[in-house]
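A.B. asks: If you count the first sequence from 1, you need to add 83 to reach my numbering. Even glycine gets a Cβ: it sits at the ideal position worked out from N, Cα and C. Predicted model, so just to flag it, every value in this text is computed and none were measured.
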Amino acid sequence: MHDAIQRFRSVDPETLPKHFDAGAAERRWDEVWQRSGLYHWDPKQPRVATFVVDTPPPTASGSLHPGHMFSYTHTDILVRHQRMRGRNVYYPMGWDDNGLPTERRVQNHHHVRCDPTAPYEPDLRLEPAGPKPSGPPRRISRPNFIELCERVTAEDEQGYKELWRRLGISVDWRLEYRTVDVHCRRISQLSFRDLFEKGHVYTSEAPTMWDVDFQCAIAQAEAEDRPRRGAFHDLEFGVEGSERTFTISTTRPELLAACVGVTAHPGDARYADLFGRRAVTPLFRVPVPIFPSELADPEKGTGVLMVCTFGDATDVLWWRDHRLALRQLVGRDGRLAPLRFGSAGFESLDPEAANRFYAELAGKGIEGARKKIVELLALPEGGATSPRPPLHGAPRPIEHTVKFYEKGERPLEFVPTRQWFVRLLDQKQALLAKGHEVQWHPPFMVKRFDDWTENLAQDWCVSRQRFFGVPIPVWYPLDARGEPDFEHPIVAERDALPVDPTTDAPPGFREEQRDRPGGFRADPDIFDTWFTSSLTPQINSHWLLDPARHAALFPADVRPQAHDIIRTWAFYTIAKALLHENTIPWRHATISGWILDPDRKKMSKSKGNIVTPIPLIEQHGADAIRYWAGSARLGVDTALDEQVFKVGKRLVTKIWNAAKFVLGQTAQVHPITSELDRAFAGELRALVARATGGFEAFDQAQALQDTESFFWTRFTDTYLELAKARARGEGPPGSKEGPPGAQAEAGGESARGSAVATLRFGLSVLLRLFAPTLPYVTEEVWSWVFAGETGHASIHRSPWPDAAEFEAIPAPTEPESFAVAVAALEAIHKAKADAEVSAGREVLELRLAASPKTLAKLAPVLDDVLAAARARAHALEPAELADGSFEVRSARFAERTP
RNA sequence: AGGCACGUAGCUCAGUGGGAGAGCACCACCUUGACACGGUGGGGGUCGGCGGUUCAAUCCCGCCCGUGCCUACCA
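(1) Who are the Cβ neighbours of Ser431 in its own chain at under 7 angstroms, not counting the five residues just before and after it?
(2) Going by C-alpha to C-alpha distance, which of Ala914, Leu422, Glu230 sits closest to Leu444?
(3) Using a Cβ-Cβ cutoff of less than 7 angstroms, which residues in the same chain neighbour His625 once the five nearest sequence positions on both sides are dropped?
(4) Rounded to a whole number of angstroms, what is the C-alpha to C-alpha distance between Ala461 and His483?
(5) In its own chain, which residues sit with a C-beta less than 8 angstroms from the C-beta of Arg249, not counting the 5 before and 5 after it?
(6) Arg130: buried (16+ other C-beta within 10 angstroms of its C-beta) or exposed?
(7) Please state whether DSSP places Lys999 in a helix, a strand or coil.
(8) Leu246: which of Leu407, Ala886, Leu147 sits nearest, CA to CA?
(9) Could you check where the beta strand (DSSP E) with Tyr559 kicks off and where it finishes?
(10) Using 10 angstroms around the beta-carbon of Ile738, count the other beta-carbons present and answer buried if the total reaches 16, otherwise exposed.
(11) Exposed or buried, which one is Glu828 when buried takes at least 16 other CB atoms within 10 Å?
(12) Can you name, in chain order, every residue of its own chain whose Cβ lies under 6 angstroms from the Cβ of Ile649, other than the five neighbours on each side?
(13) With C-beta atoms as the reference, is Val505 less than 8 angstroms away from Val553?
(14) Short of 8 angstroms in beta carbon distance, which residues of its chain neighbour Arg597, apart from the five on each side in sequence? Order them along the chain.
(15) If I follow the unbroken alpha helix (DSSP H) through Gly282, where does it start and stop?
(16) Starting from the Cα of Val745, find the closest Cα among Ser837, Phe778, Val521 and give me that residue.
(17) Does the distance from the CB of Thr262 to the CB of Thr656 come in under 8 angstroms?
(18) Tell me which residues share the same chain as Cys299 and place their Cβ nearer than 7 angstroms to its Cβ, disregarding the 5 neighbours each side in the sequence.
(19) Please report the distance separating the alpha-carbon of Thr200 from that of Asp264.
(20) Counting only the same chain and skipping the five closest in sequence on each side, list residues whose C-beta sits under 8 angstroms from that of Asp562.
(21) Candidates Gln502, Ala105, Ala806, Thr841: which alpha carbon is nearest Arg953's?
(22) Nearest to Asn361 by alpha carbon, out of Ala352, Glu570, Cys342, Asp351?
(23) Considering only C-alpha positions, which residue in the set Val387, Asn181, Ser833, Trp523 is nearest to Glu230?
(24) Check His524 in the structure and name its three-state DSSP category.
(25) Can you tell which of Pro202, Glu240, Phe228 has its C-alpha closest to the C-alpha of Leu209?
(26) For His157, tell me which candidate among Asp125, His194, Arg188, Gly251 has the shortest Cα-Cα distance.
(27) Could you tell me whether the Cβ atoms of Val295 and Gly451 are closer together than 8 angstroms?
(28) Just how far apart, CA to CA, sit Arg92 and Pro175?
(29) Go to Arg187, then tell me how far its alpha helix (DSSP H) extends in each direction, as first and last residue.
(30) Could you pull the start and end residues of the beta strand (DSSP E) that Leu388 belongs to?
(31) Looking only at its chain, what residues have a beta carbon closer than 6 angstroms to the beta carbon of Gly821, apart from the 5 residues adjacent to it on each side?
(32) I'd like the list of long-range same chain contacts for Ser973, defined as Cβ closer than 8 angstroms, with 5 residues on each side in sequence excluded.
(33) Could I get the ranges of all uninterrupted alpha helix (DSSP H) runs contained in the segment 837-877, with 4 residues as the minimum, in chain order?
(34) Going by DSSP, name the residue or residues bridged to Val172.
(35) Give the DSSP-derived three-state secondary structure of Gly457 in the structure shown.
(36) For Val719, count neighbouring C-beta atoms within 10 Å of its own C-beta (all shown protein chains included) and say buried if the count is 16 or more, exposed if not.
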């Protein structure tokens with residue numbers, strides 16, 4: 084770089100526009116960068132030279148959000164730094180088109196519903212439905228529905244793509260993928276096949292968390308707790324063959340017909356006599372076993388409780404561990420199923436009464452059934468043994484937490500259904516170990532991973548009863564009666580993937596055998612969206628399809644993501660890499676915070692406080708938005724603050740103006756020899772080390788802050804002012820001998836050339852330090868002269884500044900001379916401010932005091948200080964002042980600025 | 001209930017075992033030649049509270065208070 088200083092050219096500031104036009108620069112440079120292949124990954128380079136980003140694939144069906152700008156900019160800043168460090172960057176973009184958000188978006192956008200029984204309409208063309216469609220939604224076939232999903236997501240992706248390009252997100256668009264495309268379906272199904280071969284997946288019919296509205300199974304990761312108002316109902320139970328009664332408290336009286344057991348803590352003396360006997364439920368008079376369980380809390384309710392199929396996760400445990408009866412009450416649609424008590428049905432001491440009572444409940448929804456059963460329980464004839472009503476007193480309102488599907492509106496139920504699971508409970512220790520092999524930024528985020536992993540209670544349910552997504556590549560053989568054999572699933576062969584079992588026949592079968600006795604039946608389900616998106620590193624590396632590419636791209640270097648999906652995306656991705664290859668999926672996880680609105684509330688669509696991104700860019704410029712994002716450290720929730728945009732915009736303008744000045748200096752450059760220049764270079768060198776260290780520690784905010792602070796306080800406000808006169812070939816006013824330093828240096832021209840060279844060198848270094856954060860304004864300035872001088876057409880492929888660039892610049896004679904020069908100038912500025920005259924006013928007389936040591940340090944830079952202060956005359960006075968500080972003892976200023 | 005993070009100037013946020021900082025906002029001044037999308041100067045904070053360690057604590061330790069989030073709590 085120092086050699087390049089010799090080739091420094093100048094530009095005529097008159098030829099440059101007066102102001103920086105951010106919008107024009109964004110359009111122009113994006114086009115140039117795309118056309119020149121600036122962001123292209125080079126597959127020929129080795130792994131060590133490559134930097135692989137596991138970019139988050141956004142759900143394109145969501146709405147654009149300032150949070151998108153925020154977190155993707157974080158990553159892009161790191162990526163641009165790596166690119167300038169010479170790394171061959173692999174920076175893809177994916178779109179997560181799977182699943183519910185897309186289906187919902189299509190349903191609303193076109194006012195349709197998927198009806199798998201409807202026939203395919205090849206020529207169906209639907210227009211967007213508009214804001215308030217009338218009438219019931221149109222029912223369309225599954226293939227039509229999927230076509231719409233693909234069309235809508237493709238449209239939505241354009242909005243994102245436009246935003247990324249406008250923001251200067253430097254992805255290689257050749258590496259675009261969609262989680263439903265052929266390649267991703269193949270990788271996803273390969274993953275299933277591999278897990279199947281390794282014994283990590285199984286199918287079972289078991290009670291599973293079930294959303295009654297979506298009628299779909301849910302994994303633990305998608306369930307969330309919500310506080311809800313409920314009420315304890317005290318119900319009197321009888322004891323078989325005895326007058327003994329006891330009272331249980333339940334919030335779910337509607338499940339009474341599904342009561343299959345009663346339990347209390349083994350140490351609870353109140354109920355010790357009951358263990359081993361049978362309780363008799365009220366209304367339905369069903370005898371059920373009474374057993375002790377450590378899981379029962381003597382403090383809660385009455386200490387004794389009913390076990391139902393199924394009220395909650397603990398019921399599932401009791402049901403399984405104590406081999407209780409299954410009396411599934413809530414159906415897939417959330418309504419109470421028909422039950423029969425008596426000889427042909429469930430046991431009851433009074434089947435006739437049981438059936439009579441239950442007839443009042445069957446077919447009702449949960450809320451309706453609860454209301455009804457409370458009425459029934461208040462009837463005197465409902466009691467099992469006692470003459471009074473089984474419901475004691477009024478329901479007691481409580482606040483309790485209830486599990487919901489995160490996108491759902493009614494509480495989850497446990498419904499026995501056949502699902503596919505990935506075994507994770509037996510992998511907890513290995514998962515924790517792998518999680519700690521990853522370096523998290525900030526490091527404490529690993530705790531989120533630990534908490535989740537340690538508390539994992541269920542294997543991962545990966546099958547979903549939805550339409551749009553990756554099909555599970557499985558068929559089941561049908562026996563002679565047409566019953567499927569779930570113990571011997573037929574999993575598609577690797578070479579056949581991807582398959583859709585609903586249209587493809589399994590190996591060894593013909594299509595005509597579908598759903599026929601002796602034939603086969605397709606698994607109708609699709610995968611959980613995370614089953615595919617947990618493979619984004621492998622999707623990019625073409626795992627199992629291209630071993631050389633996989634070796635070059637896996638594990639990835641960085642996984643950027645937000646902290647709310649550590650339990651899903653990060654967790655499942657780590658799990659997949661562990662189960663497939665016993666490795667980690669990436670070396671670093673960078674966790675961005677959330678965007679809060681100016682009132683510190685989380686921004687979300689439901690709160691209606693979303694600001695749309697593009698207008699913000701139009702208003703402030705992409706660099707200013709990036710400045711705001713880059714200023715926030717990883718993991719820190721950040722307010723959407725227009726003030727910060729303005730600060731960023733001001734910085735952009737200042738860079739542009741400073742560059743215009745620096746590059747407008749026309750003098751011939753010389754080697755950097757003057758003391759002030761050498762001292763400034765020394766400070767700059769320290770900045771480069773700090774900023775580089777910041778980037779290496781994934782702390783782009785610190786790097787930016789250091790660079791920005793240096794730029795204002797060490798460059799524009801100080802060095803530029805101090806070196807300005809010399810660079811122009813002027814000295815202090817009235818000095819006739821030529822530029823300052825002429826006496827001490829070999830000649831005036833070399834001192835002048837030293838200043839010009841230092842200005843250019845400083846600008847070149849600072850531009851490159853800013854380039855990752857502010858790609859547009861730095862590229863614009865770079866293009867004026869530096870591109871030709873350094874041989875790097877774009878600043879974004881130019882070498883990151885390093886110590887080697889400083890080697891040819893001699894160290895300053897006095898390490899503190901820059902600081903001393905600044906302090907002296909500030910003292911004179913203060914005197915001018917006190918006298919209420921402009922900083923540009925000439926100083927006719929000046930008595931400047933400092934300690935003798937400080938005055939000695941000032942000597943080699945004195946002429947620059949006097950020139951910057953416009954001092955015609957001066958006297959230096961040794962004084963008892965703290966080292967490094969100056970005082971103006973007296974001064975006289977010119978009447979007006981010349 | 002356990003955990004993690006945060007609490008520093010009116011606001012947004014850096015920071016470090018020894019001097020309390022930046023930007024914005026505020027006040028005063030300066031039409032200066034790269035920049036008025038500018039410059040110079042200034043006022044403003046018991047660094048959440050209480051203890052402890054230390055020659056010295058905003059920083060380390062303990063407890064407490066407040067805020068946010070994660071996990072658990074579902075009879």
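C.D. replies: By the coordinates alone:
(1) Closer than 7 angstroms at the Cβ level, and outside the excluded window around Ser431, lie Phe367, Arg368, Val369, Phe424, Gly425, Ala437.
(2) Residue Leu422 is the option with its Cα nearest to Leu444.
(3) In its chain, beyond the 5 residues on either side, Arg632, His633 have a beta carbon closer than 7 angstroms to the beta carbon of His625.
(4) Ala461 and His483 have their alpha carbons spaced roughly 24 angstroms apart.
(5) Counting only Cβ-Cβ distances below 8 angstroms, and skipping sequence neighbours, we find Glu109, Asp113, Ile697, Ile700, Ala705.
(6) By the Cβ-count criterion, Arg130 is exposed, with fewer than 16 other Cβ atoms from all chains shown falling within 10 Å of its own Cβ.
(7) Summary: the structure shown does not reach residue 999, with the chain confined to residues 84 through 981, and so no result is reported for it.
(8) Minimum Cα distance to Leu246 is reached at Leu147.
(9) 557-560 is the extent of the beta strand (DSSP E) around Tyr559.
(10) Buried, because 16 or more other Cβ atoms sit within 10 Å of the Cβ of Ile738.
(11) Only weak support exists for where Glu828 lies, its pLDDT of 44 falling under 50; the value from the coordinates is given anyway. With a 10 Å radius around the Cβ and a threshold of 16 neighbouring Cβ atoms, Glu828 comes out buried.
(12) The answer, listed in chain order, is Arg531, Phe532.
(13) No. Outside cutoff.
(14) Only Ala588, Phe603, Arg604, Ala605 meet the Cβ criterion.
(15) Neither: Gly282 is in no alpha helix (DSSP H) and is coded neither H nor E.
(16) The alpha carbon of Val745 has as its nearest neighbour, out of Ser837, Phe778, Val521, the alpha carbon of Ser837.
(17) In this structure, Thr656 does not lie closer than 8 angstroms to Thr262 by Cβ.
(18) These residues qualify, in order along the chain: Arg547, Gln548, Arg549.
(19) Distance between the alpha carbons of Thr200 and Asp264: 25 angstroms.
(20) If we look at Asp562 and ignore the five residues flanking it on each side, its Cβ neighbours are Asp568, Pro600, Gly601.
(21) Answer by Cα proximity: Ala806.
(22) Before going on, a small fix: residue 361 reads as Arg here, not Asn. If we check each option's Cα against that of Arg361, Cys342 comes out closest.
(23) If we check each option's Cα against that of Glu230, Asn181 comes out closest.
(24) In the displayed model, His524 falls within a strand according to three-state DSSP.
(25) Ranked by Cα distance from Leu209, the first of Pro202, Glu240, Phe228 is Phe228.
(26) The shortest C-alpha separation from His157 is found at Gly251.
(27) Contact flag unset, no.
(28) So the alpha carbons of these two residues sit roughly 38 angstroms apart.
(29) Start and end: 182-193.
(30) Per DSSP, Leu388 belongs to the beta strand (DSSP E) from 387-391.
(31) In this predicted model, Gly821 has a pLDDT of only 49, less than 50, meaning its place in the structure is not dependable; the value taken from the coordinates is given anyway. Result list for Gly821: Gly831, in chain order.
(32) Once the five neighbours on either side are set aside, the close Cβ partners of Ser973 are Glu928, Leu929, Arg930.
(33) The segment 837-877 is shown to contain whole alpha helix (DSSP H) runs of 4 or more residues at 858-867, 869-873, in chain order.
(34) Looking at the DSSP assignment, Val172 forms a beta bridge with Phe134.
(35) This sequence places Val at residue 457; Gly is not what is there. Three-state DSSP puts Val457 in a helix.
(36) Val719 is exposed by the Cβ-count criterion.
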